[in-house]
Structures are given as C-alpha cells and as structure tokens.
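Below is one structure; the comments refer to it alone.
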Ligand code: LLP
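Numbering (my numbering), first residue to last: 362 to 770.
Structural data, given as structure tokens:
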C-alpha cells in the first residue's frame, strides 16, 4: 500500500488553503513509480508518465526527479514537459487525429513522435523521409479497459492505425523510406487483466518482422488502480513476468533486443491525489439525505462522466455514527458524486475528502457555472506547497473581449 496522507494532514491543508482543494502526495507518486521499476528491474523498460492525468509543472518536475520520462497528448503538453525541464529524448508525443503542423512542431522540438494515421505518416514521409525516426500507434483490435469510454484499442476505436491495414502501411513506409523506430499500442484505461498486454504483444510480434529498424515496443498505459477496499488492481509483478516471458518466446527477428516502453498515468498519480470539499447544506428528503458540497462536476467529473466510484470520507467527524448520504454538488445540473453512501455523521461545514483524485481530477475541471477552478497543493516530505492558486474573478474575464461600445441598450 502506497503511503497515504492522514486526516490530520488533510484537515490542516484545508484550513490553510481553503476548500475545495486538490492535494497530491509526492511520496505516493514515488512509491508507485518504485513499484513499477522494481517489478521490471530485470527488463530494459522505460516509463513515460502519461501527463494528461495531471500536468502541473511541479508534478512534472517531481516525476522527472524520480527518473520517468513523459508521454504527451498535445503539443502544449510537450511544451509544458520541456518547460518543466525534460530533455526532448525523454518526451514522447503520442498524437491522435492532430493537424500535421503539430507533428512537424514536435519534430522540430526534437521529441519522440508517435504517428497514429496513414494520412499523417504519408505527409511525414514526403517531408522528412528517413531523416527523423518515428513510432507508429497501431490499433490492435483488442477490447480492453474499464468501460467503453476509456477503451481505445477495439475495432471501432478512432485511435491508431488498424493492424489490418499493414500492407498499406508498409507501402507508405517503403515509398518514403520512413525510419520506424517503435511500434505502439494503448488499448484502454483500467486494464486489470494482464493477458490483455500479452495479447497486444502477440499482435505486435506478427508485425515486428516487417520493420527492420525497430528499437522499442510501447505497450501504452492503462494499469488499473483500486478505488475501494477489495477492488482489483493490475498485478504488476505478474505483468512483468508475462511480458518477460512473451519477449523470451519471440526473440526479435532483427537480432537486436527491443526496449519496452510503458505510459502509466493513473498508476502514478491517482492514489496520490485527494480532493477536499466542504459541506454547504444538508437537506433531508423522503428519498435520501443530500449533503451538498462546495464543488460539482466542474471540479471532479469522473463520477458523472464514467460512473466512477471515488471513496469519500468525512474527515471532520471520523468517529461519527455511520449514516447514508447522497453527496451532490452545488452547480445547476444533477451532479451526484455518490448516492446513499455510508459516511460518518455529516454536519454542515464538515470536510469531505474524495480519494484517488490525482488522475483526471483537476485536469478535467472546468469553469462551468462561472465557478473558479480549485487550487492545487503538493506535499513533499510532509510539507504542503501551493502549486496552483485558486482562480478569482479576473480569471473568469480573462480572454473575454469587451465590445460594449457595439451593444447599445
Ligand atoms: N497512453 C495513451 C496513449 C493514453 O491515451 C492514455 C490515456 C494513457 C497512456 C494513460 O492511461 P492510464 O494509465 O492513465 O489509464 N479520463 C479517463 C481516462 C482516459 C485515459 C485516456 N488515455 C478517466 O478519468 O478514467
């Protein structure tokens, strides 16, 4: 079990910085990274943190300090990673349906580029030929992941070049003599069954002989983390064993050992994050007792968007009698975080903490209802540091253009 912040630490942070507030534990990120690197110690493996989960530059710098690279899903994430101090060689841009100009920009920045369509591959070949190595994002036609919204490798998915288009793909590569250095798949998020990765490897091994300059295979991210007691998680030790076996069974036909890349997002930061909110209003109704908090899906959308379960605790009254509450937000939508959830007796003003809020929490937040985005706090060696300020009124007006002179009452 990765180290957890205590109720006392979380309450003190809520008192100091106000609520709602996102809090991240650097120690937990390090512990999760160490679990991965120990499990794969015998393999030539590189981990690129999928920073779409959480991009605060201080988190990026921390991830860099513990030895990981970074996987990006937009050119702006690439620029954030470089800004945070990553060397281009440790930055991977896994593109998806982007304009070719972004691929060109990524190439000019010197980062690793993963191309996901024949169209962009063709354009890349025409312009750069063999001069710059790239990898290919393939769609292996494997159904995996926690739910369809986060499943990306199946045969109706927009992601990657479908493997059945291999001959077309090879023609484009041959025509422009494109330098293909890696093959990539990412089949989804919250994959608990390690066999999915093995199946992916099998698909890739069919294709490896067609690429003579390969140096790595990228198996993406998607390791499942537990959200509640007794929840399954990806067995990382078993995964390491299975991956080693699969590679041992299929020696690289070009004689060169292939490096293995992974892109964990949730695994590194999900359990490191806490979202602390405060109860505004208790409302007793025939159907349920609502605990309305000072937040909503504008701050944490996962429960509404994916039906995700987040453990919630009342850290202000941890020994209060257990009762059922429906935890809802304060925005003008039905934003139910949990229905009839057992919590220690809740009083107005209590702090409710959401666990596993590090991945895709702040990062998917918005200004809906013109509410401010919350601050972020990073705890390093027990000390909390503000790493993003709470927004204020001027942030709501930023970028709005005032044309009042044209609008006559
Ligand atoms: N690599 C690629 C190419 C990806 O598209 C993703 C996630 C990852 C790595 C990292 O996956 P992870 O290890 O975090 O599962 N917002 C959703 C998850 C969407 C994941 C999108 N791609 C959620 O909150 O569950």
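Ideal placement from N, C-alpha and C gives every residue a C-beta, glycine not left out.
The model shown is predicted, which means the values in this text are computed figures rather than measured ones.
Could you give the residue range of the alpha helix (DSSP H) that holds residue 418? 418-426
Nonlocal neighbours in the same chain, by C-beta distance under 8 Å from residue 541, ignoring five residues either side: 494, 495, 496, 497, 534, 572, 574 and 575
Taking the alpha carbon of residue 594 as the point to measure from, which residue in 368, 741, 554 and 515 has its own alpha carbon closest? 554
Quick one: measure Cβ to Cβ for residue 302 and residue 401, integer angstroms, because I've assumed they're closer than 8 Å. Because the chain in this structure spans residues 362 to 770, residue 302 falls outside the shown range and cannot be described.
Residue span of the beta strand (DSSP E) that contains residue 620, given as start and end: 620-623
Could you check if residue 618 is buried or exposed, using at least 16 other CB atoms within 10 Å of its CB as the buried criterion? exposed
Determine the DSSP secondary structure at residue 782, reduced to helix, strand or coil. With the chain represented from 362 up to 770, any question about residue 782 goes unanswered, as that position is not in the structure.
Neighbour-count burial assignment, residue 746, 16 or more Cβ in a 10 Å radius: exposed
Run the CB neighbour count on residue 696, radius 10 Å, all protein chains shown included, and call it buried at 16 or more, exposed below. buried
Quick check: does the Cβ of residue 512 come within less than 7 Å of any heavy atom belonging to the ligand LLP? no
Please report the distance separating the alpha-carbon of residue 759 from that of residue 730. 16 Å
From residue 518 to residue 367, what does the alpha carbon distance come to, in whole angstroms? 41 Å
Give the DSSP-derived three-state secondary structure of residue 750 in the structure shown. coil
Within 8 Å, do at least three Cβ pairs link the segment 371-383 to the segment 679-696? no
Answer yes or no: do residue 673 and residue 688 have a C-beta to C-beta separation smaller than 8 Å? yes
Starting from the Cα of residue 391, find the closest Cα among 768, 763, 749 and 741 and give me that residue. 741
Give me the Cα-Cα distance between residue 468 and residue 702, rounded to the nearest whole angstrom. 50 Å
The ligand LLP heavy atoms versus the CB of residue 725: any closer than 7 Å? yes
3-residue-minimum beta strand (DSSP E) runs that sit fully inside the segment 573-659, ordered along the chain: 577-579, 620-623, 634-645 and 650-654
Please determine, among 500, 386 and 700, the residue with the shortest C-alpha to C-alpha distance to residue 479. 500
Between the alpha carbons of residue 651 and residue 639, how many angstroms are there, rounded? 13 Å
Residues in the same chain with beta-carbon distance under 8 Å from residue 663, minus the five sequence neighbours each way, listed in chain order, please. 669, 671, 721, 722 and 725
Would you kindly work out how many angstroms separate the C-alpha atoms of residue 719 and residue 769, rounded to a whole number? 47 Å
Close beta carbons around residue 419, own chain, < 7 Å, minus the five adjacent residues each side: 739 and 748
Range of the contiguous beta strand (DSSP E) that encloses residue 684: 683-689
Going by other Cβ atoms of all chains shown within 10 Å of its Cβ, with 16 needed for buried, is residue 761 buried or exposed? exposed
Please classify residue 762: does DSSP put it in a helix, a strand, or coil? coil
Indicate the three-state DSSP secondary structure (helix, strand or coil) for residue 708 in the structure shown. coil
Excluding sequence positions up to five away, which residues of its chain have a Cβ less than 7 Å from the Cβ of residue 716? 635, 671 and 672
Could you check if residue 757 is buried or exposed, using at least 16 other CB atoms within 10 Å of its CB as the buried criterion? exposed
Whole beta strand (DSSP E) runs in the segment 525-567 with 3 or more residues, listed along the chain? 541-545
DSSP beta-bridge partners for residue 745? 740
Around the Cβ of residue 412, are there at least 16 other Cβ atoms within 10 angstroms (buried) or fewer (exposed)? buried
If we count the other Cβ atoms within 10 Å of its Cβ and call it buried at 16 or more, is residue 510 buried or exposed? exposed
With burial defined as no fewer than 16 other Cβ atoms inside 10 Å of the residue's Cβ, what is the status of residue 653: buried or exposed? buried
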